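In mature numbering (1 follows the signal peptide of the UniProt record, and there is no 0), the protein residues as written are -28 to -1, 1 to 48.
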């Protein structure tokens, strides 16, 4: 029984070392569960065209801007 415990601990240590070497493979993006009051969205790839709104930056493409109903904007 003790030798199985030692083997289990050894495998856990090796697994932790391997996961530590590849942090990009285990990282996750955290998205809030709230929606901003977005009127429209603009993206560099579409010029000045007003695109359909997204709830927040997690759902919008990178480098796009969310234009809010109160006149402010959020760059994603």
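Ideal Cβ placement from N, Cα and C applies to all residues, glycine included. Everything numeric in this text was worked out from a predicted model, so none of it was measured.
Please state the DSSP three-state secondary structure of residue i.
i	result
residue 45	strand
Taking the CB atoms as reference points, tell me whether residue i and residue j lie closer together than 8 Å.
i	j	result
residue 7	residue 29	no
Going by beta carbon distance, what residues of the same chain come within less than 8 Å of residue i, once the five residues before and after it are set aside?
i	result
residue 42	9
residue 24	12, 13
Check the C-beta distance from residue i over to residue j and give it rounded, since I have them as a contact under 8 Å.
i	j	result
residue 40	residue 32	With a Cβ gap of about 12 Å, residue 40 and residue 32 do not count as contacting.
For residue i, I'd like the list of residues in its chain whose CB is within less than 7 Å of its CB, leaving aside the five on either flank, ordered along the chain.
i	result
residue 36	13, 14, 15, 48
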